[in-house]
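Novice: For the sequence shown, the positions run 1255 to 1496 when the numbering used here is used.
All residues carry an ideal CB built from backbone N, CA and C; glycine is no exception.
Just so you know, these numbers come straight off a predicted model, no measurement behind them.
Dropping a structure here in structure tokens format, bear with me for questions.
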Amino acid sequence: MKKFSLLFCLFFIAASTQAIAQKQQGNGNITTQERSISSYEGLNVSGSFNVEMISSMNGKLSITTDKNLLESIVTEVKDDVLIIRNKKKHYLRPSGAMKVIIKVPMADVNNVKLSGSGKIYADSAIAADSFKASSAGSGKIELSIKAETVSARLAGSGKINLKGSATNIKVKHAGSGSVRLQGIQAKNGAVSLAGSGSVYVRCSHKLDVSVAGSGSVRYFGEPKDKLHSKVAGSGSVRLAIE
């Protein structure tokens, strides 16, 4: 047992030392680098990057951060998805209060995914037949959407704020964060909430809601056809007051 404990301690120290060695501190030399990219339909961001989708950009992206951190930021298109992440086992620490700012083409994006504490936003509305936004962690997605169907999936303490128009909206939320879709003028909605989080939606015809836990669903407008709700726990489903 003592031998095992000693080996475990040595392994832990070695792992910790390696992790610390991989941290990169920004050198304060703020630089903007442009990179060529191919077309894509999905955006997958991992880390603490602030990513803005620009409608006027085409065929390239730009990264603004400390010059010595640029080589540790991976941007690649795989299977029609633009992936933005740190190199494996690299932990970036920009200088001062600086955030890594990445601007990418909006193009024909129909889904975005965020993992970590970053942010995804855009300079104009995104148009698509269907659009999906998903987040895991404490990050934030804030977009304007025009689509037939809009889906939002959140796990963790993050935020998804969407506005625009859609016929159908779908929400799946597990955690303590918030999903705000009341800015979308939708006809039909389906909401599944597990945990202590909150969901806000606006539906004019039909709304189905399922809550498990202490979370809350607030709906704007009064669905003309049907409101169906099921609550397990101390959660609630209520009409919101404008």
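Would you check if the distance between the CB atom of Ile1423 and the CB atom of Leu1397 is smaller than 8 angstroms?
Specialist: Not closer than 8 angstroms, so no.
Novice: By the 10 Å Cβ neighbour count, where 16 or more other Cβ atoms means buried, how is Thr1319 classified, buried or exposed?
Specialist: Buried is the call here.
Novice: Look up Tyr1454 in the DSSP assignment and give the residues it is bridged to.
Specialist: Arg1434 and Arg1472.
Novice: Using DSSP with H/G/I as helix, E/B as strand and the rest coil, what is Ser1392?
Specialist: Ser1392: coil per DSSP, three-state reduction.
Novice: Residues bridged to Leu1447 by DSSP?
Specialist: BP columns for Leu1447 point to His1427 and Val1465.
Novice: Identify, in the order they occur along the chain, each residue of the same chain with its Cβ nearer than 6 angstroms to the Cβ of Glu1439, setting aside the five sequence neighbours on each side.
Specialist: According to the sequence as given, residue 1439 is Gln; it is not Glu. So the qualifying residues of the chain are Ser1419.
Novice: Quick check: the Cα distance between Tyr1454 and Lys1386, rounded to an integer number of angstroms?
Specialist: Those two C-alpha atoms are separated by around 17 angstroms.
Novice: Going by beta-carbon coordinates alone, are Gly1372 and Gly1301 separated by less than 8 angstroms?
Specialist: For Gly1372 and Gly1301, yes; Cβs fall inside 8 angstroms.
Novice: Excluding the 5 residues preceding and the 5 following Lys1357 in the sequence, name in chain order all residues of the same chain whose CB lies nearer than 7 angstroms to its CB.
Specialist: Contacts found: Glu1306, Ile1308, Met1311, Leu1315 and Ser1316.
Novice: Could you check the C-alpha separation between Ser1292 and Ser1378 for me, to the nearest Å?
Specialist: C-alpha separation (whole angstroms): 21 angstroms.
Novice: Starting from Ser1316, follow the beta strand (DSSP E) in both directions and report where the run begins and ends.
Specialist: Lys1314 to Asp1320 is the span of the beta strand (DSSP E), which, as asked, contains Ser1316.
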